[in-house]
RNA sequence: GCGGCUGUAGCUCAGCGGAUUAGAGCAUCGGUCUACGGAACCGAGGGUCGGGGGUUCGAAUCCCUCCAGCCGCACCA
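Residue numbers (the working numbering): 2 to 572.
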């Protein structure tokens, strides 16, 4: 069974397609009725008939009998109002349904999501926030609808900087280096390597020689490299735990993983006749890409020095994900500046036959996190801001707010709650605006308990839970859903829209649509509280109102969960 | 120069597969109620939807053009 919206579309489409095959009712929610269908005008146009005439015919078709009534309005809109009995039965069906009407994808798809991607031996900073948070929300939402998610944390664990990093590790001594890395002091380590490299030509020579050893597979060098990787991955895991992100060390499949596949990428492209030599570099020139002189733009897979560019790695990753992991969908949660590069990689992969048209492949691009000055978010001294420090500050502020409010929690619980609120604040602020936009990082606004914020939604949920706790045991199955007034009916309609909100968020890889839905739900709740006292009501009315509260609470919890945000019982 | 993204109320943002009076939050102003959790609710003011053209009965939404900001445009990933 589909959502209420889907049922309406399906039934309306019968009339529409009888008139014009392939036409769409263009069904939307409406302020004037429960739904409105805007597709009549287009149909009337192609038929050359007056729109109102066509609308009247569709209204009289009986397609919505037993479900809703249709009223013709304005130039030819169909205003649709659900029959009370149908509405009630739709709501009753949600009571025993853990997923609240959300149907599982059948058969499940395999979705590979590439996100987070920090660099080994480098601090995680705000630049990684968006990829991590958006990617994790998409992963959770995909799992919620039954898809199999394979997370790929494409960490930067290879390349010329590793010569320098390994030499620095040796200079520090293994023990000291490990100590520095294990406490997450990656900035100090990296900057130490950097300044040694900048200061000493001898160090530079050693670094270059070390790169050669690393690439040549020298066992001792590989061992040292592994130390860097393992320590970093352990640190990343701590950050993910603090953020409540589902990535694990198993999801780390770094650049180095593809090393053995790179030669194959080049030789296969060559065999396909796609490879061209340009200034000594081996390139593919996908159509439609030009450089600043209007000449074809190359995707460089092998550099003049025989080294492989990251395009080769990305192509190998596509092959692995499609060929070995059998992905039905590839999502790359990567910043907008990479748009051209990824578009070229995808284009080449398609041409090479490594990325069939049946596989959805999308660059889930996002804008930057800005500081108060609307420039890239940096510290006053111009350095990047550590992700953990950002989170710690948010936790501290949330904690203080809880203290000031005087909640009767023990300190450990208060800590935990503050952590949940802080995560909610930061994640929701990131997820709730349209991905492609830049947004200004403003803890005050994010942590506010009013307005369109994560904490507000958590609060809306906690408030419902409080009511439900006080109500005690109630047989919600007995709810009749008579929906006696506008606020309760409006709330009910929102509850029925949950599956559509999830579908829409997944379709556009757009978590903000889910945010918008949840915030709208929370707002309808406040209107509902005003008009419908719950605990003071009696009999069937009380049961119905409690049932609405229960459905709303569960919808909020499920929705927040899909975003990676906890829904605490009390606040 | 070419390409991409962004430009909607004082501020932060939805809406952009065209459709009935352009929505929300914050802020401002004015109200409500011994509160099922006042971290509340109700109401008001506030917008040439960056500018200009075009398509259409109808455009914030589609097309063209211009302006502004950010980003990308061959061997660092």
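All residues carry an ideal CB built from backbone N, CA and C; glycine is no exception.
Note that the coordinates shown come from a computational prediction; the quantities given were computed from them, not determined experimentally.
For residue 542, the enclosing alpha helix (DSSP H) has its first and last residue at 540-564. Under the three-pair Cβ rule at 8 Å, the segment 107-124 counts as touching the segment 329-346. Here residue 211 has 164, 167, 168 and 222 as same chain residues with Cβ atoms under 7 Å from its own Cβ, once five neighbours each way along the sequence are excluded. Shown here, residue 72 sits in a strand according to DSSP, grouped into three states.
Following the DSSP letters along the chain, one finds residue 211 inside the alpha helix (DSSP H) bounded by residues 202-217.
Taken through DSSP and simplified to helix, strand or coil, residue 364 comes out as strand. The alpha-carbon of residue 411 is positioned some 33 Å away from that of residue 145. Per the DSSP secondary-structure output, residue 284 pairs in a beta bridge with 277 and 301. Excluding five sequence positions before and after residue 495, the CB atoms of its chain that fall closer than 6 Å to its own CB belong to 522 and 525, given in chain order. DSSP, reduced to helix, strand and coil, places residue 110 outside both helices and strands of the structure shown, so it counts as coil. It is roughly 5 Å from the alpha-carbon of residue 156 to the alpha-carbon of residue 119.
Contact annotation, residue 355 with residue 335: C-beta distance approximately 19 Å; criterion of less than 8 Å not satisfied. Between residue 88 and residue 52, the alpha-carbon positions lie close to 29 Å from each other.
In this structure, the beta-carbon distance from residue 572 to residue 454 does not fall below 9 Å. Using a 10 angstroms sphere on the CB of residue 338, the tally of other CB atoms stays under 16, which defines it as exposed. Across the set 147, 321 and 421, the C-alpha of 421 shows the shortest separation from the C-alpha of residue 568. Non-local C-beta neighbours of residue 313 in its own chain, meaning closer than 6 Å and more than five positions away in sequence, comprise 263, 266 and 302, ordered along the chain. For residue 157, the three-state secondary structure derived from DSSP is strand. Pairing residue 81 with residue 98, the inter-Cα distance amounts to about 26 Å. Counting other Cβ atoms within 10 Å of its Cβ, residue 291 stays below 16 and is therefore classed as exposed. For residue 402, the closest alpha carbon among the candidates 428, 389 and 445 is that of 445. With a contact defined as Cβ atoms closer than 8 Å, residue 529 and residue 489 qualify at about 6 Å. Residue 250 counts as exposed, since fewer than 16 other beta carbons sit within 10 angstroms of its beta carbon.
Using a 10 angstroms sphere on the CB of residue 184, the tally of other CB atoms stays under 16, which defines it as exposed. Of the candidates 352, 245 and 399, the residue whose Cα lies closest to the Cα of residue 141 is 245.
About 13 Å separates the Cβ atoms of residue 83 and residue 38, ruling out a contact at the 8 Å cut-off. The segment 456-534 is shown to contain no whole beta strand (DSSP E) run of 3 or more residues. Straight across, the Cα-Cα distance linking residue 65 with residue 546 is about 28 Å. In the DSSP annotation of this structure, the continuous segment of the alpha helix (DSSP H) that includes residue 6 starts and ends at 5-20. Just so you know, the alpha carbons of residue 382 and residue 427 end up roughly 23 Å apart. Looking at the backbone, the Cα of residue 162 and that of residue 232 are separated by about 17 Å.
In the displayed model, residue 572 falls within coil according to three-state DSSP, outside both helix and strand. In the three-state DSSP reduction, residue 126 falls in the strand class (E or B). For residue 452, the number of other beta carbons within 10 angstroms of its own is below 16, and it is reported as exposed. In this structure, residue 543 sits near residue 475, with a CB-CB distance shorter than 9 Å. Bridge pairing for residue 333: 115 and 364 [DSSP].
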